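Here the structure comes first, spelled out in C-alpha cells, and everything after it is commentary.
Number of protein chains: 2
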Amino acid sequence: MVLDFYFDFSSPYGYLMAEMIEEVAQRHHATVVWRPFLLGAVYQKTGDKPLPAHPLKGPYMQRDFARSARFYGIPFRLPDPFPVSTHLAARAFYALNDGSSETAKRWAIAVYRAYFRDRRNIADAETLTAIARELGLDADALGAAMQSPEEKARLRAECDAAIERGVFGSPMVWINDEPFWGVDRLPQIERWLAEGPF
Amino acid sequence: MVLDFYFDFSSPYGYLMAEMIEEVAQRHHATVVWRPFLLGAVYQKTGDKPLPAHPLKGPYMQRDFARSARFYGIPFRLPDPFPVSTHLAARAFYALNDGSSETAKRWAIAVYRAYFRDRRNIADAETLTAIARELGLDADALGAAMQSPEEKARLRAECDAAIERGVFGSPMVWINDEPFWGVDRLPQIERWLAEGPF
Numbered sequence: 001m002v003l004d005f006y007f008d009f010s011s012p013y014g015y016l017m018a019e020m021i022e023e024v025a026q027r028h029h030a031t032v033v034w035r036p037f038l039l040g041a042v043y044q045k046t047g048d049k050p051l052p053a054h055p056l057k058g059p060y061m062q063r064d065f066a067r068s069a070r071f072y073g074i075p076f077r078l079p080d081p082f083p084v085s086t087h088l089a090a091r092a093f094y095a096l097n098d099g100s101s102e103t104a105k106r107w108a109i110a111v112y113r114a115y116f117r118d119r120r121n122i123a124d125a126e127t128l129t130a131i132a133r134e135l136g137l138d139a140d141a142l143g144a145a146m147q148s149p150e151e152k153a154r155l156r157a158e159c160d161a162a163i164e165r166g167v168f169g170s171p172m173v174w175i176n177d178e179p180f181w182g183v184d185r186l187p188q189i190e191r192w193l194a195e196g197p198f
Numbered sequence: 001m002v003l004d005f006y007f008d009f010s011s012p013y014g015y016l017m018a019e020m021i022e023e024v025a026q027r028h029h030a031t032v033v034w035r036p037f038l039l040g041a042v043y044q045k046t047g048d049k050p051l052p053a054h055p056l057k058g059p060y061m062q063r064d065f066a067r068s069a070r071f072y073g074i075p076f077r078l079p080d081p082f083p084v085s086t087h088l089a090a091r092a093f094y095a096l097n098d099g100s101s102e103t104a105k106r107w108a109i110a111v112y113r114a115y116f117r118d119r120r121n122i123a124d125a126e127t128l129t130a131i132a133r134e135l136g137l138d139a140d141a142l143g144a145a146m147q148s149p150e151e152k153a154r155l156r157a158e159c160d161a162a163i164e165r166g167v168f169g170s171p172m173v174w175i176n177d178e179p180f181w182g183v184d185r186l187p188q189i190e191r192w193l194a195e196g197p198f
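As given, the protein sequences belong to chains A and B, one line each in that order. UniProt numbering puts the first residue of the first sequence at 1, with every later residue one more than the last. UniProt numbering puts the first residue of the second sequence at 1, with every later residue one more than the last.
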C-alpha cells in the first residue's frame with residue numbers, strides 16, 4: 001500500500017502529520033511518497049486565503065495549532081513570520097528526491113523542525129543551505145538547484161498535478177483513490193490501512 | 001464542567017457530534033448546553049460560503065461526510081436539498097428549551113435524524129410540526145412559536161452572541177474559554193474533560 005502525502009512546508013498541520021505518518025505507515029506495512037506543493041498555487045485557482053487572514057478562524061487556528069501539537073506530544077512554536085513562501089524548500093526537496101527519497105524525507109523533516117521548532121525563516125535561501133550543510137548534504141549544489149529552471153518547472157508541474165488530483169489543503173493523504181484531509185484524519189487513515197476501505 | 005455545543009441543523013458534522021457528545025460528556029460527569037445557530041448568519045459577517053460551493057473542497061466534503069459517519073458507526077445519507085435553511089428548526093428548539101432542555105435535546109436529535117437519516121426536508125414548517133407530533137409534543141403551539149416575533153428575536157440574539165464568542169463553523173464546542181471546532185476534535189475534548197487543560 002502506498003500513501004501519497006501532500007503538504008506545504010509552511011503548514012503547521014502538515015508538520016504534525018510529517019512527524020507521525022511514517023510510523024503509522026510502517027505499522028501497516030505501507031510506504032509513503034512525500035509530495036510538497038504550494039498552497040499559494042492552490043489559492044490562486046480556488047480564491048481561498050491563508051487561514052490566518054480569516055477574521056474568526058484565524059485566531060482559533062493559532063490556538064488549535066499549539067493545542068493539537070501538545071495533544072500529539074510534538075514540540076511546536078508558531079514562527080514569525082507566518083506563513084512564508086516555501087517554493088525554495090519544495091524545489092530543494094524534489095532535487096534531493098531524484099537522488100534518494102530517504103534523503104529528501106530527512107530534508108523535509110529538518111526543514112519543518114527548523115521552522116516550527118526553531119523558528120528559523122525557511123523562506124531564506126541561506127537558511128535552507130545551512131540546513132543542508134547540517135545534514136551533511138552538498139549545500140552549494142542544493143542552492144543552485146533551488147534556482148534552476150529545471151526545478152522551477154518541476155515544482156510547477158507537481159503543483160499542477162496536485163490541483164488536478166483535487167488537493168486543496170495541507171496535509172492531504174491519498175490511499176489509491178481515497179483522499180484524507182487534515183492530520184485529524186489519521187485515525188481514519190489507520191483504519192483504512194488496517195482493515196481496507198470502509 | 002459544562003460544554004457549550006454550537007451547531008447548525010444543516011451541518012453533517014454537527015449531526016455526528018450531536019449523536020456522540022452526550023455520551024462523552026456523561027462519561028466525564030459533564031453537562032452539555034445545546035446552542036443551535038445559523039451558519040448563514042456567520043457567513044454574512046465573514047464572507048464565507050457553504051462548503052458545497054467550494055470547487056475542490058465541496059466534492060471532498062461530500063465523501064468525507066459519509067466516510068466519517070461510517071467511521072463512527074452512525075447512519076447517514078446526504079439529503080437533497082442540501083444545505084437548507086434551518087431558522088424554523090432553531091426557533092422551535094429555543095421555544096422548547098424554555099420549558100425543558102431535555103425535551104429540546106430530544107427535538108434536536110429527532111430533527112437531525114429526520115434530515116440526515118430519513119432525508120426529510122427540515123426547512124419545511126410542515127415537516128417540523130410532524131416531527132413534533134411524532135415526539136408527542138404540542139405541534140400547534142410549536143408551529144406558532146416558530147413564527148412568533150419573540151422566537152425570531154431570540155434566535156437573532158443567539159446568533160449574535162455566538163458570533164461575538166467566535167463561532168465560525170459547526171460544530172463548535174466550548175469548555176469554559178477553550179473552543180474546539182469539528183467533530184474530529186472529540187478526542188481532544190475527551191482528554192480536556194478527563195485530565196484538565198493541556
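Cβ coordinates follow ideal geometry from the N, Cα and C atoms, glycine included. All values reported here derive from a predicted model rather than from experimental measurement.
Which residues in the same chain have their Cβ closer than 6 Å to the Cβ of A:R91, if we skip the five residues on either side of it in sequence?
M146, E151 and L155
Is it buried or exposed for B:G136, if we count other Cβ within 10 angstroms and need 16 for buried?
exposed
Nearest to B:D64 (by Cα), restricted to the options B:G182, B:P187, B:E190 and B:T103:
B:G182
With 7 Å set as the bound, which would you pick, yes or no: does the beta-carbon of B:T46 sit closer than that to a beta-carbon of chain A?
yes
Is there at least one Cβ from chain B nearer than 7 Å to A:R165's Cβ?
no
How many Å lie between B:Y94 and B:K105 at the Cα?
10 Å
Quick one: does the C-beta of A:M61 sit closer than 6 Å to a heavy atom of the ligand ADP?
Of ligands this structure carries none, so the ligand ADP is not represented either.
To the nearest angstrom, how far is it from the Cα of B:H87 to the Cα of B:P81?
16 Å
For A:F5, write down the residues that DSSP places opposite it in a beta bridge.
A:W34 and A:V173
May I ask you to verify whether the segment 14-21 of chain A touches the segment 105-121 of chain A, counting CB pairs closer than 8 Å and requiring at least 3?
yes
Could you check the C-alpha separation between A:I175 and A:R185 for me, to the nearest Å?
12 Å
Looking at the secondary structure, which residues open and close the alpha helix (DSSP H) in which A:F93 lies?
H87 to G99
Rounded distance between the beta-carbons of A:G166 and B:L142, thought under 8 Å:
The Cβ separation is near 43 Å, so there is no contact.
In this structure, how does DSSP classify A:P179 when only helix, strand and coil are distinguished?
strand
Could you spell out the range, first to last residue, of the alpha helix (DSSP H) harbouring B:F65?
K57 to Y72
At the level of alpha carbons, what is the spacing between A:P83 and A:Q44?
16 Å
CB contact check: A:Y72 to chain B, cutoff 7 Å
no
Where the segment 63-91 of chain B meets chain A: residues whose CB sits under 9 Å from a CB there
R63, D64, R67, S68, R70 and F71
Cα-Cα separation between A:F198 and A:S101, rounded to whole angstroms:
30 Å
What does B:L56 touch in chain A if you count any residue whose Cβ is under 7 Å from its own?
T46, G166 and F168
With a cut-off of 7 Å, does the C-beta of A:D177 fall near any C-beta of chain B?
no
Quick one: which unbroken alpha helix (DSSP H) runs of 4-plus residues sit fully inside the segment 140-170 of chain B? Chain order, please.
149-165
With the cut-off set at 7 Å, would you say A:R119 and A:R77 are in Cβ contact?
yes
Is any beta-carbon of chain A found at less than 7 Å from that of B:D4?
no
Under 7 Å, do A:A162 and A:Y6 count as touching if we go by C-beta distance?
yes
Within chain A, the residues that B:D160 reaches when beta carbons sit closer than 9 Å
Residues of chain A passing the Cβ test: none, with the nearest at roughly 14 Å.
Among B:D98, B:L96 and B:A89, the one whose alpha carbon lies nearest that of B:D121
The question names Asp, but residue 121 of chain B in the sequence shown is Asn. The candidate whose alpha carbon is nearest that of B:N121 is B:A89.
Tell me the DSSP secondary structure of A:F76 in three-state form.
coil
Partners in chain B for A:D184, counting only beta-carbon separations shorter than 8 Å
G182, D184 and R185
With burial defined as no fewer than 16 other Cβ atoms inside 10 Å of the residue's Cβ, what is the status of B:T31: buried or exposed?
exposed
What is the residue span of the alpha helix (DSSP H) that B:I189 lies within?
L186 to E195
Reduced DSSP category for B:K49 - H, G, I as helix; E, B as strand; rest coil
coil
Chain-ordered chain B contacts of A:Y60 [CB-CB under 8 Å]:
G166, F168, P179 and W181
Amino acids of chain B, ordered along the chain, whose beta-carbon sits closer than 8 Å to that of A:R191:
F71
Output needed for A:A25: all residues of its chain with C-beta closer than 6 Å, excluding positions within five of it in sequence on either side, in chain order.
L3 and V32
Would you kindly work out how many angstroms separate the C-alpha atoms of A:G58 and A:Y72, rounded to a whole number?
21 Å
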